Amino acid sequence: MKKAFIVSNENSLQQILKNDGFKVTSLSSGNETRRMIASDPQPDIIIINSPLPDEFGHELAETAAMNTSAGIIFICSSGVFDEISDKLTYYGITVLQNPVSRQVMANAVKLVYENKMRLTGMKKENSSLLTKIDEMRLINRAKSILMKYLRFTEPQAHKYIEKQAMNTRHTRKEVAAHIIETYEK
């Protein structure tokens, strides 16, 4: 289920999110929100309607952007909109000007959530690629060791690692780690 934090003194935003399938947690202060971010599983969206009782809210938005993967919407008055927008867009925070119509808010929520999901997918892909690169480095290091100590050619070393992996029912990474451990003590 999609999860949202709403940091506001108003309750009007809840219905928009509930209509969009979000489980909404209402928070009333910056301190309370910081505690929730630290202890609770990460929300998909955080909406901050400034000012808050204990702070203006822009620092909370920056903190949330740096410590969560949530999409963040910050709502402020027209008097400070330009200044706040310049500060917060650097962190990827969507800044809206109060008053916000229901339609604009619904569209902003949809856009921010879709961008958050796209970013999450890219992070997973990036993590997968980094894992593959680490595995390739380990295998290449093992090939290099086989070439140095057993005078294998690169294709022979590659074939040896592949064959060992099949015969022992281990991954190529495990075989490579064993080769490195055996020859580099």
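If you want the numbering used here, it's the position in the sequence shown, counting the first as 1, plus 17.
By construction, the Cβ of each residue, glycine as well, lies at the ideal position given by its N, Cα and C atoms.
All of these numbers come straight from a predicted model, not from anything done at the bench.
Is it true that the CB of residue 189 sits closer than 9 angstroms to the CB of residue 162? no
Quick one: what's got a C-beta closer than 8 angstroms to residue 56's C-beta in the same chain, skipping five residues either side? none
I'd like to check one pair, residue 80 with residue 51: are the Cβ atoms closer than 9 angstroms? yes
Identify which residue in 145, 184, 172, 166 has its Cα closest to the Cα of residue 201. 166
CB of residue 105 within 9 angstroms of CB of residue 91, strictly: yes
Judging by CA-CA distance, which residue of 39, 82, 74, 101 is the nearest neighbour of residue 18? 39
Using three-state DSSP, classify residue 21 as helix, strand or coil. strand
Reduced DSSP secondary structure (H/G/I, E/B, other) of residue 47: helix
Consult DSSP for residue 114 and reduce its assignment to one of helix, strand or coil. strand
Bridge partners for residue 85 per DSSP, in chain order? Beta-bridge pairing links residue 85 to no other residue.
Rounded to whole angstroms, how far is the Cβ of residue 33 from the Cβ of residue 158, which I believe are closer than 8 angstroms? That pair is no contact at about 54 angstroms.
Run the CB neighbour count on residue 150, radius 10 Å, all protein chains shown included, and call it buried at 16 or more, exposed below. exposed
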